[in-house]
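**Student:** There's a structure below that I have some questions on.
In this note's numbering, the protein residues as written are 370 to 421.
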């Protein structure tokens, strides 16, 4: 989130959240759009960086 200059606070929960799946979904007409691919890659990268 630092890349976007957005203040986000991460913290641990006081209880077990269990396993969860996170998916990205979009309309098929955007599958080959460079702008949408960039945005999907950006959000995926931010999530992966936050769980390291």
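Here a beta-carbon is modelled for each residue, glycine too, at the ideal position from N, C-alpha and C.
Report yes if the CB atom of residue 405 is closer than 7 Å to the CB atom of residue 399, and no otherwise.
**Tutor:** One-based indexing of the chain shown puts residue 405 at position 36. One-based indexing of the chain shown puts residue 399 at position 30. A contact, by the Cβ cut-off of 7 Å.
**Student:** Would you kindly report the start and end of the unbroken alpha helix (DSSP H) that includes residue 408?
**Tutor:** On the chain shown, residue 408 is found 39 positions in, with the first residue counted as 1. 403-419 is the span of the alpha helix (DSSP H), which, as asked, contains residue 408.
**Student:** Determine the direct distance from the alpha carbon of residue 407 to that of residue 414, and round the result to whole angstroms.
**Tutor:** For the purposes of this step, residue 414 is taken as residue 45 along the chain shown, with counting starting at 1. For the purposes of this step, residue 407 is taken as residue 38 along the chain shown, with counting starting at 1. So the two alpha carbons sit approximately 10 Å from each other.
**Student:** Compute the Euclidean distance between the alpha carbons of residue 389 and residue 374, then round it to the nearest angstrom.
**Tutor:** To locate residue 389, count along the chain shown from 1; it is residue 20. To locate residue 374, count along the chain shown from 1; it is residue 5. In a straight line, the C-alpha of residue 389 is about 27 Å away from that of residue 374.
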